[in-house]
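Here our numbering is used: the first residue of the sequence shown is 6, the next is one more, and so on.
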Amino acid sequence: MESKRSSFTGKLGFVLAAAGSAVGLGNIWRFPYLAAKYGGGIFLLVYIALSVTFGFSLMIAEIALGRKTKLSAIRAYGSLDKRFSFVGILCSLVPVIILPYYSVIGGWVMKYMFGFITGKTAEMAQDTYFNSYLGITVEPILWFLLFIGITALIVLLGVEKGVEKISKIMMPILIGLIVFIVAYTLITMDGAWDGVVYYLKPDFSKFSLMTVVAAMGQLFYSMSLAMGIMITFGSYMKKEINIEKSVKQIEVFDTGVAFLAGLMIIPAVFAFSGGNEAALGQGPGLMFVTLPKIFDAMPGGSFIGAAFFVMVLFAALTSSISLMETVVSIFMDKLKIGRKVSILVVLGGSLLLGVVSSLGYSAWADVKVLGMQFLDFFDFFSNSLLMPIVALATVIFVGFILKPKAIIEEVELLEPFKFKKLFTAVIRFVAPVCILIILVSSILTAFGIVSI
Ligand code: PHE
Numbered sequence: 006m007e008s009k010r011s012s013f014t015g016k017l018g019f020v021l022a023a024a025g026s027a028v029g030l031g032n033i034w035r036f037p038y039l040a041a042k043y044g045g046g047i048f049l050l051v052y053i054a055l056s057v058t059f060g061f062s063l064m065i066a067e068i069a070l071g072r073k074t075k076l077s078a079i080r081a082y083g084s085l086d087k088r089f090s091f092v093g094i095l096c097s098l099v100p101v102i103i104l105p106y107y108s109v110i111g112g113w114v115m116k117y118m119f120g121f122i123t124g125k126t127a128e129m130a131q132d133t134y135f136n137s138y139l140g141i142t143v144e145p146i147l148w149f150l151l152f153i154g155i156t157a158l159i160v161l162l163g164v165e166k167g168v169e170k171i172s173k174i175m176m177p178i179l180i181g182l183i184v185f186i187v188a189y190t191l192i193t194m195d196g197a198w199d200g201v202v203y204y205l206k207p208d209f210s211k212f213s214l215m216t217v218v219a220a221m222g223q224l225f226y227s228m229s230l231a232m233g234i235m236i237t238f239g240s241y242m243k244k245e246i247n248i249e250k251s252v253k254q255i256e257v258f259d260t261g262v263a264f265l266a267g268l269m270i271i272p273a274v275f276a277f278s279g280g281n282e283a284a285l286g287q288g289p290g291l292m293f294v295t296l297p298k299i300f301d302a303m304p305g306g307s308f309i310g311a312a313f314f315v316m317v318l319f320a321a322l323t324s325s326i327s328l329m330e331t332v333v334s335i336f337m338d339k340l341k342i343g344r345k346v347s348i349l350v351v352l353g354g355s356l357l358l359g360v361v362s363s364l365g366y367s368a369w370a371d372v373k374v375l376g377m378q379f380l381d382f383f384d385f386f387s388n389s390l391l392m393p394i395v396a397l398a399t400v401i402f403v404g405f406i407l408k409p410k411a412i413i414e415e416v417e418l419l420e421p422f423k424f425k426k427l428f429t430a431v432i433r434f435v436a437p438v439c440i441l442i443i444l445v446s447s448i449l450t451a452f453g454i455v456s457i
């Protein structure tokens with residue numbers, strides 16, 4: 006096994022690969038709809054505060070853990086302490102659950118990309134378009150199959166490097182397009198500035214425990230934390246690379262893209278709804294309902310819309326590839342099967358869960374798990390339950406079993422660890438208490454015992 010463990014070439018190689026995994030639909034699709042729903046400015050504030058304390062410390066811990074053990078997550082915990090082997094198994098479960106429904110949303114992206122290419126912009130800009138599309142039984146499943154099929158093909162042919170190269174070009178274009186769309190909305194649309202105020206100015210009366218629960222789940226999701234991915238990335242990282250600096254770069258990039266995506270969508274929601282705040286709470290469909298309206302209002306909008314969705318597709322693919330890679334290597338390790346067989350197994354399992362997620366919006370719309378549709382349930386189960394459990398176990402493990410010193414030593418192989426006091430305090434005290442509160446409250450809400 007050891008001999009197969011290759012390393013990233015150079016500094017930028019590591020940062021780019023990790024950023025490619027981190028930046029995806031989580032930033033562009035998930036962040037804006039959560040920010041819109043959970044109070045705008047207050048959500049943004051909580052998110053950024055968590056990101057520079059929590060996200061920073063957890064990402065450092067995971068990468069250092071991987072580099073220290075040179076093992077993937079499923080074995081890293083157990084190799085250091087047998088009692089923590091279960092964490093490895095739990096965090097392997099997260100990408101297994103995320104990959105299928107992530108690919109369903111990837112399918113929505115492809116459908117919209119195709120819609121702009123074929124000039125259906127005006128049709129897609131109608132309020133009811135997205136929901137009636139989701140209500141169709143077969144078509145969304147076909148787009149899902151195409152998305153996950155492409156992901157599997159890339160993993161099978163081993164051409165991830167090629168995709169990463171293309172996405173190095175696509176990412177800057179995507180960011181440029183987002184900035185352009187933001188500027189266009191703010192300059193031409195009445196009411197858009199109210200959205201900027203809503204998004205940037207924290208309204209403390211909108212704060213609730215749910216704001217923190219949602220922000221933390223989003224942080225894990227967006228930074229690909231609490232699911233072993235960063236441990237695996239760390240296991241490939243060379244000793245000459247500075248962990249602290251790399252983490253800061255990944256964080257700035259990931260949070261920056263999410264921030265811009267929010268600025269692209271929330272003001273537009275205000276402009277199109279005439280300031281009606283109910284439009285903010287629509288959830289997962291927000292981006293798919295709002296963006297076509299902007300493109301429809303813009304000269305050359307079909308072209309820009311098509312270009313935009315092509316870039317989003319690339320960002321989504323670099324994330325889905327890293328999700329699938331992780332699951333494939335876990336199955337190879339655990340089931341002692343070859344790579345091709347493992348890809349087939351993962352594909353088969355994902356098809357099943359993905360089809361269920363898709364049908365949850367159409368044929369099985371009446372079926373609810375804990376009051377949620379299948380896709381929302383999978384999202385909730387991984388982000389609000391499994392990830393906090395994994396994160397809690399990780400901080401307890403690093404804080405009290407392995408001890409922060411072991412991580413600090415790994416980080417300090419090259420240069421002093423500037424924020425080591427913050428790191429130790431967060432890992433040992435702040436994080437365990439906060440995650441525990443969050444975990445308990447999300448369990449209580451899910452079972453309808455309290456509403457927060
Ligand atoms: N972080 C990715 C995103 O924001 C999603 C993802 C999660 C990718 C886990 C890989 C692993 O879209």
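Backbone N, C-alpha and C define an ideal beta-carbon position, used for all residues, glycine too.
Take every Cβ of the segment 91-107, pair it with every Cβ of the segment 247-261, and state whether three or more of those distances are shorter than 8 angstroms.
Taking 8 angstroms as the limit for Cβ pairs, the verdict is that the segment 247-261 does not touch the segment 91-107.
Starting from proline 304, trace the alpha helix (DSSP H) in both directions and tell me its first and last residue.
Mapped onto the sequence shown, residue 304 falls at position 299. First-last for proline 304: undefined, no H or E at that position.
So is isoleucine 443 buried or exposed if we call it buried at 16+ other beta carbons inside 10 Å?
As a first step, residue 443 is located in the sequence shown; it is residue number 438 there, counting from the start. So isoleucine 443 ends up on the buried side.
If we call anything under 8 angstroms between Cβ atoms a contact, is phenylalanine 135 one with valine 252?
By one-based count along the sequence shown, residue 135 stands at place 130. By one-based count along the sequence shown, residue 252 stands at place 247. Going by C-beta atoms, phenylalanine 135 is not nearer than 8 angstroms to valine 252.
Can you give the Cα-Cα distance for phenylalanine 439 and proline 421, rounded to whole angstroms?
For the purposes of this step, residue 439 is taken as the residue at position 434 of the sequence shown. For the purposes of this step, residue 421 is taken as the residue at position 416 of the sequence shown. Checking the sequence shown, residue 439 turns out to be cysteine, not phenylalanine. Cα to Cα, the separation comes out at about 28 angstroms.
Check whether the segment 394-411 and the segment 166-179 touch, using three or more Cβ-Cβ pairs below 8 angstroms as the test.
No, because fewer than three Cβ pairs between the segment 394-411 and the segment 166-179 fall closer than 8 angstroms, the two stretches do not touch.
Identify whether valine 403 lies in helix, strand or coil by the three-state DSSP scheme.
Within the sequence shown, numbered from 1, the residue matching residue 403 stands at position 398. Residue state, collapsed to three classes: helix.
Given isoleucine 454, which residues of its chain have a CB within under 7 angstroms of its CB, disregarding the five upstream and five downstream residues?
Within the sequence shown, residue 454 is the residue found at index 449, counting from 1. No residues qualify anywhere along the chain.
Comparing the CB of isoleucine 155 with every heavy atom of ligand 1, is any distance shorter than 7 angstroms?
Numbered from 1 along the sequence shown, position 150 holds the residue referred to as residue 155. False, no ligand heavy atom lies under 7 angstroms from that Cβ.
Starting from glutamine 223, trace the alpha helix (DSSP H) both ways and give me its first and last residue.
By 1-based counting over the sequence shown, the position of residue 223 is 218. Here the alpha helix (DSSP H) through glutamine 223 covers 214-227.
What's the gap between the Cα of glycine 140 and the Cα of glycine 290?
Within the sequence shown, residue 140 is the residue found at index 135, counting from 1. Within the sequence shown, residue 290 is the residue found at index 285, counting from 1. Each residue's Cα considered, the two are about 13 angstroms apart.
Could you tell me which of Ala284, Asp384 and Gly200 sits nearest to proline 105, measuring between CA atoms?
Here residue 105 corresponds to residue number 100 of the sequence shown, with the count starting at 1. Among Ala284, Asp384 and Gly200, the Cα nearest to that of proline 105 is on Asp384.
Reducing DSSP to helix, strand and coil, say where methionine 194 ends up.
What you label residue 194 is simply residue 189 of the sequence shown in a count that begins at 1. Coil, per DSSP.
Suppose only complete runs of 4+ residues qualify. What are the alpha helix (DSSP H) ranges in the segment 283-364, listed by chain order?
Entirely contained in the segment 283-364, the alpha helix (DSSP H) runs reaching 4 residues are, in chain order, 291-302, 306-340 and 344-364.
Check whether the Cβ of valine 114 sits closer than 7 angstroms to any heavy atom of ligand 1, and report yes or no.
If you number the sequence shown from 1, residue 114 lands on position 109. No; taking the cut-off as 7 angstroms, the Cβ of valine 114 has no heavy atom of ligand 1 nearer than that.
With 16 as the cutoff for other CB atoms within 10 Å, does arginine 88 come out buried or exposed?
Counting from one through the sequence shown, the residue named residue 88 turns up at place 83. Arginine 88 should be labelled exposed.
Are the CB atoms of serine 90 and alanine 78 nearer to each other than 8 angstroms?
For the purposes of this step, residue 90 is taken as the residue at position 85 of the sequence shown. For the purposes of this step, residue 78 is taken as the residue at position 73 of the sequence shown. Cβ distance not < 8 angstroms, so serine 90 and alanine 78 don't count as in contact.
Nearest CA to the CA of alanine 69: which residue from Gly280, Tyr117, Glu415 and Leu449?
Position 64 of the sequence shown, counting from 1, holds the residue named residue 69. Here the closest residue by C-alpha is Glu415.
Whole-angstrom Cβ separation of serine 325 and serine 108, contact assumed at under 8 angstroms?
Here the question's residue 325 lines up with position 320 in the sequence shown. Here the question's residue 108 lines up with position 103 in the sequence shown. About 6 angstroms separates the two Cβ atoms, so the contact holds.
In angstroms with no decimal places, state the Cα-to-Cα distance between serine 8 and lysine 75.
Here residue 8 refers to the residue found at position 3 of the sequence shown. Here residue 75 refers to the residue found at position 70 of the sequence shown. Below a pLDDT of 50, predicted positions are generally treated as unreliable, and serine 8, at 39, falls in that range; no measurement from the model is reported.
For a test of your reading of the model: does the CB of asparagine 32 fall under 7 angstroms from any non-hydrogen atom of ligand 1? Yes or no.
To locate residue 32, count along the sequence shown from 1; it is residue 27. Yes, Cβ of asparagine 32 sits closer than 7 angstroms to a heavy atom of ligand 1.
So for methionine 377, helix, strand or coil by DSSP?
For the purposes of this step, residue 377 is identified with residue 372 of the sequence shown, where counting begins at 1. The answer is strand: DSSP assigns methionine 377 an E or B state.
In angstroms with no decimal places, state the Cα-to-Cα distance between glutamate 245 and phenylalanine 238.
Counted from its first residue, the sequence shown places residue 245 at position 240. Counted from its first residue, the sequence shown places residue 238 at position 233. Near 15 angstroms, if we compare the C-alpha coordinates of phenylalanine 238 and glutamate 245.
Mind checking whether valine 332 and methionine 118 have CB atoms under 8 angstroms apart?
For the purposes of this step, residue 332 is identified with residue 327 of the sequence shown, where counting begins at 1. For the purposes of this step, residue 118 is identified with residue 113 of the sequence shown, where counting begins at 1. Cβ distance not < 8 angstroms, so valine 332 and methionine 118 don't count as in contact.
Check tyrosine 366 in the structure and name its three-state DSSP category.
Taking the sequence shown and counting its residues from 1, the one referred to as residue 366 is at position 361. Looking at tyrosine 366 - three-state DSSP - the assignment turns out to be coil, as it is neither helix nor strand.
Closest by CA to proline 272, which one among Met115, Tyr204 and Phe402?
Here the question's residue 272 lines up with position 267 in the sequence shown. Comparing Cα positions, the closest option is Tyr204.
Determine the extent of the alpha helix (DSSP H) in which phenylalanine 121 is found, giving its start and end residues.
Taking the sequence shown and counting its residues from 1, the one referred to as residue 121 is at position 116. Counting along the chain, the alpha helix (DSSP H) containing phenylalanine 121 begins and ends at 90-122.
What residue range is occupied by the uninterrupted alpha helix (DSSP H) comprising tyrosine 52?
Counted from its first residue, the sequence shown places residue 52 at position 47. Where tyrosine 52 is concerned, the enclosing alpha helix (DSSP H) stretches over 46-55.
Going by Cα to Cα distance, which pick from Leu50, Leu418 and Gly200 is closest to lysine 243?
One-based indexing of the sequence shown puts residue 243 at position 238. Lysine 243 has its Cα closest to that of Leu418, out of Leu50, Leu418 and Gly200.
Taking all protein chains shown into account, do 16 or more other C-beta atoms lie within 10 angstroms of the C-beta of valine 372, making it buried, or fewer, making it exposed?
Numbered from 1 along the sequence shown, position 367 holds the residue referred to as residue 372. Exposed, since its Cβ has fewer than 16 Cβ neighbours within 10 Å.
With H, G and I counted as helix, E and B as strand and the rest as coil, what does DSSP make of threonine 74?
If you number the sequence shown from 1, residue 74 lands on position 69. In this structure, threonine 74 counts as helix in the three-state DSSP scheme.
Please go through the same chain and pick out, in chain order, the residues whose beta-carbon is closer than 8 angstroms to the beta-carbon of alanine 311, but skip the five residues on each side of it.
For this step, residue 311 is matched to residue 306 along the sequence shown. These residues qualify, in order along the chain: Met118, Phe121 and Ile122.
Give the list of continuous alpha helix (DSSP H) stretches no shorter than 4 residues that lie fully inside the segment 424-456.
Within the segment 424-456, the complete alpha helix (DSSP H) runs of at least 4 residues are 425-430 and 436-451.
Can you tell me the Cα-Cα spacing of threonine 216 and isoleucine 47, whole angstroms?
If you number the sequence shown from 1, residue 216 lands on position 211. If you number the sequence shown from 1, residue 47 lands on position 42. When rounded, the distance between both Cα atoms is 8 angstroms.
Can you find the residues in the same chain that come closer than 6 angstroms, C-beta to C-beta, to glycine 31, ignoring five residues on each side of it along the sequence?
As a first step, residue 31 must be located in the sequence shown, where it is residue number 26. For glycine 31, where only same-chain residues beyond five positions count, the Cβ hits under 6 angstroms are Tyr226 and Ser227.
Can you tell which of Met194, Ile432, Tyr366 and Ser447 has its C-alpha closest to the C-alpha of glutamate 67?
To locate residue 67, count along the sequence shown from 1; it is residue 62. If we check each option's Cα against that of glutamate 67, Ile432 comes out closest.
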